[in-house]
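Scroll down for the structure; my scribbles are underneath it.
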Amino acid sequence: MSKKVKFQTPTGMHDILPEDQFLYEKIWRVVDDVAAFYGFGKIETPLVEDAALFEKGTGGTTDIVEKQMYTLKTRGGDMLALRPEFTPGIVRSYIQHGMIALPQPVKLYAYGPLFRYEHPQAGRFRQFRQVDFEVFGEQSAALDAQIIQIFYVILKELKFSHLIIEVNSIGDNQCRPYYKKLLSGYLRPRQNSLCADCRRRIRENPLRTLDCKEEKCQRVRSQAPQLIDHLCEECKNHFKSLLEFLDETDLPYHLDPYLVRGLDYYTKTVFEIFSEQTMKTTGEGGEVVQRNALVGGGRYDGLVHLLGGKDVPASGAAAGVERIVSFLKEMEFAAAPAPVARIFLAQLGDLSKKKSLRLLEEFRKAKIQIAESLGRDSLRTQLARADKLEVEYTAILGQKEVLDGTIVLRKMDTGEQETLKLEKVVEEIKERLRK
Ligand code: HAM
Numbered sequence: 001m002s003k004k005v006k007f008q009t010p011t012g013m014h015d016i017l018p019e020d021q022f023l024y025e026k027i028w029r030v031v032d033d034v035a036a037f038y039g040f041g042k043i044e045t046p047l048v049e050d051a052a053l054f055e056k057g058t059g060g061t062t063d064i065v066e067k068q069m070y071t072l073k074t075r076g077g078d079m080l081a082l083r084p085e086f087t088p089g090i091v092r093s094y095i096q097h098g099m100i101a102l103p104q105p106v107k108l109y110a111y112g113p114l115f116r117y118e119h120p121q122a123g124r125f126r127q128f129r130q131v132d133f134e135v136f137g138e139q140s141a142a143l144d145a146q147i148i149q150i151f152y153v154i155l156k157e158l159k160f161s162h163l164i165i166e167v168n169s170i171g172d173n174q175c176r177p178y179y180k181k182l183l184s185g186y187l188r189p190r191q192n193s194l195c196a197d198c199r200r201r202i203r204e205n206p207l208r209t210l211d212c213k214e215e216k217c218q219r220v221r222s223q224a225p226q227l228i229d230h231l232c233e234e235c236k237n238h239f240k241s242l243l244e245f246l247d248e249t250d251l252p253y254h255l256d257p258y259l260v261r262g263l264d265y266y267t268k269t270v271f272e273i274f275s276e277q278t279m280k281t282t283g284e285g286g287e288v289v290q291r292n293a294l295v296g297g298g299r300y301d302g303l304v305h306l307l308g309g310k311d312v313p314a315s316g317a318a319a320g321v322e323r324i325v326s327f328l329k330e331m332e333f334a335a336a337p338a339p340v341a342r343i344f345l346a347q348l349g350d351l352s353k354k355k356s357l358r359l360l361e362e363f364r365k366a367k368i369q370i371a372e373s374l375g376r377d378s379l380r381t382q383l384a385r386a387d388k389l390e391v392e393y394t395a396i397l398g399q400k401e402v403l404d405g406t407i408v409l410r411k412m413d414t415g416e417q418e419t420l421k422l423e424k425v426v427e428e429i430k431e432r433l434r435k
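Letter 206 of the sequence shown, counting from 1, is numbered 206 in the UniProt record's numbering, and no numbers are missing.
Dropping the structure here:
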C-alpha cells in the first residue's frame, strides 16, 4: 500500500494566508508613500542572480555567502543564487543600466522575498521579505542620516513606539586595516577565552568578534581597543557630521562602538534600528525586554567599483518585513472591514446558475457589491444566507425567469416580491440603493 504523502511548506518558509494579506499591504502602502515623498524610484531585480555577484559583493567570508546561500546550476551550466539580500543586485542594475549618467544621487527602493539557509527560529526565516532603500553618488553623511530617518519614519507610521537607533563608524580602507591588526594583536593572547567562532574570526575577520553574542567574548571585547579611537581624519569627520545631522533631526540614537554588521561592503557609517518589547514570561508576573533588530544598513563606498562600475559612493539599509508584521499582529491591527453587500443573488437550477455568472459581472461593472452562493441549490438555504448577511434585497433567478427574461426582487425586511425585466435589473437596483 502506498503511504500518503503530506506536503508542507519547506522549513523556515511560510504561506501568507488571505487574513494576513492586509498587514503586508499596509506596509507596502506606507513604504510607497514615504519613498515617493523622498524621491525614491521603485526597482525590481530578478530573484536569482549570478552566484559570483554575492560572493564578491556580500563577501566570501560572510555567513550569508559561506553558509546561507541557495545556489543552483542551470541546465546551461550557469551558477546562480537565490538572492540573499537586495544590495548587490541593485548595484549590478545601477552599473548595467548606466545610471551613473543620470543626475546623482540616484535613489532606489525595492521590496520582495529573499532567501537565506538559516537555522529557523523566532523572527529568522529561510524565505523572508525586506524593504530596501539605496542611494548612489553622494558622499555626504546627510544621506546616511536621511536613510536612517526614512526607516524611522516608516516604523513610526506603522505605530512602533519603542525604537532604538544604534550607529557606529567602521572606517575605510585607510584606517580599518591598521585597526584590524591592532585588534587581532589584542585578541590573540586571549583566544582561549573566546568561542570557537571568534577564534576563527581572529584570522579571517577580527571585526566580527566585536558583535559576538557569547558572554565570554563580550567580556574580552570590553577591554579591546575601539575602532572609533582609530579612525582616520576623513572617517572621523564623516562620523562627526553624521551625528550632527542626527541631532538636527531629533532621532533617538546611541553610539554603539561594537556595532560592525555582518556584511563585507560597509565603509564608515553602519547602523541598526531595534524595537524593544516587554514580553511576559511563563513564570509568575515575569517580564523580559526583548530586542528585535528591524533594520540594518550603512554606507558602502567601495561596492560599485568592486562590482565593475566607477568609483561611486553609496549608502542604504533594509528592514525585515516579517519582524514588522509580527509586531503589527501583537498590536492587533484590525483588518479593514470587508465590503458589505446590500444585495444577494439567489439562483435555482442549472440554467439560471449559468446566467448568474454573467449577471454578477454586470453588477461588478456597476460597482454594486453583491453576495451569492453559487454552490447552493435550495432557495431556503440561500435566503437564510441572505438574511444572515443582512442584505436589503435578494434577486431570485429561477428557471422560469430565465426563460421569460425576468428576475424576482425580494425586499428582505417586508418579504414583498416583484418581477423585473432581467436586462433592467442592475440599473433598477442601482437606483433603489441610491435612495
Ligand atoms: P541585514 O542586516 O542582513 O542587511 O538584513 C536587514 C534586516 O533584514 C534585518 O535587520 C532583519 O530585520 C531582516 N532579516 C535578515 N535576515 C532575516 C531572516 N533570515 N529572517 C527574517 N528577517 C531577516 C542587509 O540585508 C543589507 N542588504 C542592508 C543594506 C542595504 N545595507 C545597505 N543597503
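We treat Cβ as the ideally placed atom computed from N, Cα and C, and that holds for glycine.
Per-residue DSSP class, three states only, for residue i
i           : result
H97         : coil
Y393        : strand
H8          : Rather than His, the amino acid found at residue 8 in this sequence is Gln. Of the three classes helix, strand and coil, the one that applies to Q8 here is coil, per DSSP.
V260        : coil
L303        : helix
R129        : strand
Y117        : coil
S161        : coil
T278        : strand
R205        : According to the sequence shown, residue 205 is Asn rather than Arg. In the structure shown, N205 sits in coil (DSSP, three-state: anything other than H, G, I, E or B).
G41         : strand
I16         : coil
residue 436 : The structure shown has nothing for residue 436, since the chain only spans 1 to 435.
Y253        : strand
Q290        : strand
R176        : helix
R75         : coil
E134        : strand
G185        : helix
E427        : helix
Y70         : coil
E233        : helix
A384        : helix
E85         : coil
E244        : helix
L194        : coil
Q223        : coil
K435        : coil
D311        : coil
Beta-carbon spacing of residue i, residue j below 8 Å
i           : j    : result
G59         : D250 : no
V131        : A314 : no
V167        : F271 : yes
G298        : T269 : yes
residue 455 : S352 : This structure gives no information on residue 455, because the portion of the chain shown stretches from 1 to 435.
V135        : I147 : yes
Y253        : R221 : no
F133        : F274 : no
A346        : L389 : no
F151        : V260 : no
E44         : L80  : no
V408        : E401 : yes
L210        : K180 : no
I90         : L114 : no
R116        : Q68  : yes
F54         : P84  : yes
V30         : L158 : yes
I95         : I324 : no
C198        : C212 : yes
T396        : I368 : The sequence as given places Ile at residue 396; Thr does not occur at that position. Going by C-beta atoms, I396 is not nearer than 8 Å to I368.
G262        : D63  : yes
I202        : L187 : yes
Y178        : H230 : yes
A145        : L303 : no
A386        : M412 : yes
Any C-beta of chain D under 8 Å from that of residue i
i    : result
P189 : Checking the listed chains, one finds no chain D in this structure; it contains a single protein chain.
Sheet register partners of residue i (DSSP bridge)
i    : result
D50  : L80
S169 : T269
V30  : None; V30 has no bridge partner.
V91  : Looking at the DSSP assignment, V91 forms no beta bridge with any residue, so it has no partner.
E418 : L409
G296 : E272, A318
P153 : The residue asked about is misnamed: residue 153 is Val in this sequence, not Pro. V153 is not bridged to any residue.
R124 : Q121
V106 : F136
request  = Could I get the ranges of all uninterrupted alpha helix (DSSP H) runs contained in the stretch 313 to 380, with 4 residues as the minimum, in chain order?
outcome  = 321 to 330, 350 to 365
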